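Engineer: Line order of the protein sequences matches chains B and A.
Here this note's numbering is used: the first residue of the first sequence is 90, the next is one more, and so on.
Here this note's numbering is used: the first residue of the second sequence is 1270, the next is one more, and so on.
This is the structure, below, for whatever I ask next.
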Amino acid sequence: MTGPLEGIRVIEFSQIIAGPVSGLLLSDLGADIIKVEPPWGDPWRAGIAPITDSESKGFITVNRGKRSVCLDLNSEEGQAIVHRLVSQADVVTVNNRADVLDALKIDYDTLKKIKPDLVYSEITAFGRQGPFAGNPGYDLLMQGLTGIMAAEGNMDGYQYGDQKLNEGVPRYLSVMPMVDYATGYSVVQSVCAALFHRERTGQGQKIETSLFANALTIQGLSLTQVENAPSPTFDFVQNELPLLREAGLTYREIDAIYRERRPTPFGAFIYYRSYQTADQVITLGCLSEPLRKRAADCLGVTDIRFDEGYDPTTEQSIEFAFTLARKVEGMIKEKTAEEWLRIFNAAGVPAAPLLYIEEMIDHPQSHATGMIIEQQHPVGGKVRYAGPLSKWSETQPEPVRISPARGEHTREVLSEAGYSQAEIEAFHKVGSAKTG
Amino acid sequence: MGGSAATERNRERKFSRMTGPLDGVRVIEFTEIIAGPVSGVMLSDMGADVIKVEPPWGDPWRDGGGPFAEHESRAFIAVNRGKRSIQLDLTKGDGRAAAHRLVENADIVVTNHRPDVPAKLGIDYDTLSAINPRIIYAEASAYGLKGPYAGGPGYDVLAQAFSGIMQSEGIMWRGVPRMIRTTPFVDFATGYAIVQSVCAALYHREKSGRGQKIGTSLLANAMTTLSGHLARIPGNPTKPQQWHDEDLPMLQQAGLSYNELNELYYEARWFPSAMLIYYRPYRTEDGLIAVACLSDPLRKRMADCVGFEDRRFQPGYDLEEPESVEFADDLLVRVEELIAEKTSEDWLRLFHEAGVPAMPVQFVEGLLDNEQAQANDLVIEQDHHAAGKMQLVGPNANFSDTPLDAVLPSPALGQHTAEILAEAGYSGDEITALLESGAALG
């Protein structure tokens, strides 16, 4: 048993990050993923941290677990090969523009005729309707458009030498393309649900999701507007913002007003933030009152905001919060990280050390949970990175394959599809199929 | 087939939904705060009947951000729509027995407690799979079930701290890095992971007849989404990895302050690539736009559009040379100046005509009224018992054959206790007795 999707075959036409992430996660669940690449390869092969012209760390991390077939879908022969592959597959994932899907003959209507119970997953940037329907989409644009960047409001810019860059505009979140990942996850859950449905009814179907939809989903906490619970930030955007823009205020000025309208100023948080100790930095994560009370007890501070009926939104309350925050900062600086973590852990207060991402690769916690796997890449050599994200009692997924070279499995997959060696050589000769 | 038996059961009940690929699937959610509840919302969007079992005091997140009534807050509503609430005291024998009876007729159990809690409450996998061998049990822990932090409590902010998200993002505030605060992204990623695992397990059970236990964690999903940073290739170390492995231990030994370390870390992370000009937000004459060119053809189009020369497109150009770094910095300042000369509208028109990916920078609060969001059915309206009419984010995928539908609003604490107990076969008298003893509440 190598995962719950054993025996499922996925044809991946998608490129860059969001679509390939879904293929990676599906392969972790045991599916056989065939990545169909154009003659020039997935453009992300030349992504961040290049190793060679057609291999990069960016590409390798989101394409492990797949076999690569290189086909020219502009040729009729290439299209015929793909249609044969699809007739023997269960799932197709695409993230191309609609006109491209039609031109390459990999649109749902065409493929459904070939494989009636196909599960077809399509990622678009903005959905197929609306004013932005045809626009291209990237994680950064979603961060800008859907308010992630504005809400994060990191206006500090980048210091480089004596220059300050990116000033006066919010920086985007660069640690991970979170909208791409959310969309990749969303494709996997939809595909699995559709496979379950197909198993019960015999029906396949087409599922559409978008970067835009998932950007909204992950901001669900900010995006709920309740009639009986007025929100100062919604009020700001709907009533004040148009006037401020009209009046020609700069982004920095508008940002300052937006921050003021937030119900609890960020600096007033005490129980859910990071702190400098005598040596390292630690983080507290108390989201409920019992936990906050435990943290206050550990620190030996009295927090009048726990009193029944206390209104945390008045000016005095906010002043109190800031004063207490400064006091707590001073107290936490008096002991080392190790001492505080021992105290907090003993009292059941959620707390953790603040580490670097690079520390995860050797961390005992990631190894104990099997989160770091090691594979051999033909060009990169030994590669260590994050493995499957879940543990299964019956069908434990096993990561088997490293990210493939472009067209590495063209011959193998065509042969599995029933093409003869002579036919495969002929495809290579005219360029409708390619190896490497 | 168990799934169709579940469908039959569902059709017999008063509560019946014909939409969604998980029609007829019943989920018992023993979850709190965000990660677990998010999975319940998505499962309900797919048509599952989601029963949220709450303790006598309710999910603590009921008192989360934006409170507006007793046990109701905007933050709670946002991650609990689509569910029915039953309130049981699992420390009482009768309450636990009622939970077990619910599990007998369920397909899926989701928990996100500390690893030692489920066994104490009698809702651990061994107990529940003995009651219903076909049960699919998904458990989200903080750091996994093994290792030095196995028993630890987990919250998004701690996962951000522990996994390096906070430090790498490096937004400094009062001398320490602060969390990414727009979205508890690790919680959401874990919620997605639960849903995909549960759906894959349903498919597998349909073929094999067997249920199983699936474990995932905040740490696992933080690492999954960070995988771009997390690939270590010997002989091909990245600058930050090299800095971390070689410089950091010495710097820490030398007692550098966090601020000093952070500056050095950032220098190591700095990659003076073409990316920085072509993938970032810019100030225009009247607002903000973001451009996103991730390939050379797109970057060239943008350079043409804005009207500057970038000699780095020449083959063989070495981006790491000090000269190149200086060139990149000077060019960046110039592009900032050029883009500040026209309005957002002008630039967006120019970029769109030329096929350069670009979009305005907006506020999240404007999205509910956004034409694009509405055109794609991403905004739904629901009536909530205490909140009244509310608007929130709807299902995030369109299924051609089994459309998703958000039917139920977030429930009041224990709103459906009596209804669900009756469905489970308890008589009116039994339900009254459970409510009187406090084993069930609502």
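Cβ atoms here follow ideal geometry from the backbone N, Cα and C, with glycine treated the same way.
All values derive from a computational prediction rather than experimental measurement.
Compute the beta-carbon to beta-carbon distance between P1550(A) and V258(B), rounded to the nearest angstrom, for a pair I have assumed lies under 8 Å.
Structural biologist: 5 Å
Engineer: Tell me the rounded alpha-carbon separation between W1330(A) and F1345(A).
Structural biologist: 6 Å
Engineer: Quick one: is R381(B) near chain A, going by C-beta distance under 8 Å?
Structural biologist: no
Engineer: Just to confirm the assignment, what range does the beta strand (DSSP E) spanning A1627(A) have?
Structural biologist: Here the beta strand (DSSP E) through A1627(A) covers 1627-1629.
Engineer: Under the three-state reduction of DSSP, which class applies to I1608(A): helix, strand or coil?
Structural biologist: Under the three-state reduction of DSSP output, I1608(A) falls in the helix class.
Engineer: In angstroms, rounded to a whole number, what distance separates the CA positions of I170(B) and E512(B)?
Structural biologist: 11 Å
Engineer: At a Cβ threshold of 8 Å, is T403(B) touching chain A?
Structural biologist: no
Engineer: Quick check: what's the CA-CA separation for A1368(A) versus G167(B)?
Structural biologist: 56 Å
Engineer: Would you kindly work out how many angstroms separate the C-alpha atoms of F1284(A) and E297(B), rounded to a whole number?
Structural biologist: The pLDDT assigned to F1284(A) is 39, lower than 50, so where the model puts this residue is not dependable; a value taken from the coordinates is nonetheless given after this. About 28 Å.
Engineer: Beta carbon of K422(B), beta carbon of Q365(B): below 8 Å?
Structural biologist: yes
Engineer: Could you name the residues of the same chain whose beta carbon sits closer than 7 Å to that of L1357(A), not counting the 5 residues immediately before and after it, in chain order?
Structural biologist: V1322, G1364, A1367, A1368, A1708, A1709
Engineer: Does the count of Cβ pairs from the stretch 1653-1661 of chain A and the stretch 272-286 of chain B closer than 8 Å reach three?
Structural biologist: no
Engineer: Near G1663(A), what residues of its chain come up, given a Cβ to Cβ distance below 7 Å and the 5 sequence neighbours on each side ignored?
Structural biologist: Closer than 7 Å at the Cβ level, and outside the excluded window around G1663(A), lie D1646, L1647, V1648, I1649, A1675.
Engineer: Indicate whether at least one CB of chain A lies closer than 8 Å to the CB of F323(B).
Structural biologist: yes
Engineer: Between the Cα of K1611(A) and those of L1557(A), T1300(A), S1342(A), P1591(A), spot the shortest distance and give me the residue it belongs to.
Structural biologist: Restricting attention to L1557(A), T1300(A), S1342(A), P1591(A), the CA atom closest to the CA of K1611(A) is found in L1557(A).
Engineer: Write down the C-beta distance between I123(B) and V158(B) rounded to the nearest angstrom, noting that I regard them as a contact closer than 8 Å.
Structural biologist: 6 Å
Engineer: Output the distance between the C-alpha atoms of F215(B) and N1665(A), rounded to the nearest integer angstrom.
Structural biologist: 12 Å
Engineer: Can you check the stretch 334-382 of chain B for any beta strand (DSSP E) of at least 3 residues that lies completely inside it and give the ranges in chain order?
Structural biologist: 361-365, 370-374
Engineer: How many Å lie between M238(B) and V1633(A) at the Cα?
Structural biologist: 9 Å
Engineer: Please list, in chain order, the chain B residues whose beta carbon lies closer than 9 Å to that of P1387(A).
Structural biologist: Under the 9 Å cutoff, chain B gives no residues; its nearest Cβ is about 14 Å from P1387(A).
Engineer: Which of the three DSSP states, helix, strand or coil, is assigned to L1530(A)?
Structural biologist: DSSP places L1530(A) in the helix class (H, G or I) of the three-state scheme.
Engineer: Taking only three categories from DSSP, how would you classify A1708(A)?
Structural biologist: Of the three classes helix, strand and coil, the one that applies to A1708(A) here is coil, per DSSP.
Engineer: Expressed to the nearest angstrom, what Euclidean distance is found between the alpha-carbon atoms of E1438(A) and T1701(A)?
Structural biologist: 54 Å
Engineer: Determine the burial state of K518(B): buried for a count of at least 16 other Cβ atoms within 10 Å of its Cβ, exposed for fewer.
Structural biologist: exposed
Engineer: To the nearest angstrom, report how far apart Q465(B) and W133(B) are at their CA atoms.
Structural biologist: 20 Å
Engineer: Three Cβ pairs or more, each shorter than 8 Å: is that satisfied between the stretch 1487-1507 of chain A and the stretch 1441-1451 of chain A?
Structural biologist: no
Engineer: Using the beta-carbon count (16 or more within 10 Å), is N328(B) buried or exposed?
Structural biologist: exposed
Engineer: For a contact defined as C-beta to C-beta under 7 Å, what are the partners of I1346(A) on chain B?
Structural biologist: T313, V315
Engineer: Is there a Cβ of chain A sitting closer than 8 Å to that of E483(B), yes or no?
Structural biologist: yes
Engineer: Note down, in chain order, all residues in the stretch 1406-1421 of chain A with a beta-carbon under 7 Å from any beta-carbon belonging to chain B.
Structural biologist: Y1412, G1413, K1415, G1416, P1417, Y1418
Engineer: Is it buried or exposed, E1589(A), if we count other Cβ atoms within 10 angstroms and call 16 or more buried?
Structural biologist: exposed
Engineer: Between which two residues does the beta strand (DSSP E) holding R1549(A) run?
Structural biologist: Looking at the DSSP string, the run of the beta strand (DSSP E) that includes R1549(A) is 1548-1552.
Engineer: Pick out whichever of V1560(A), R1580(A), I1377(A) has its Cα sitting closest to the Cα of P1626(A).
Structural biologist: The residue with the shortest Cα to Cα distance from P1626(A) is V1560(A).
Engineer: Determine the direct distance from the alpha carbon of K1415(A) to that of R383(B), and round the result to whole angstroms.
Structural biologist: 26 Å
Engineer: Measuring straight from C-alpha to C-alpha, what distance separates Y1535(A) and K424(B)?
Structural biologist: Counting only the Cα atoms, K424(B) lies some 27 Å from Y1535(A).
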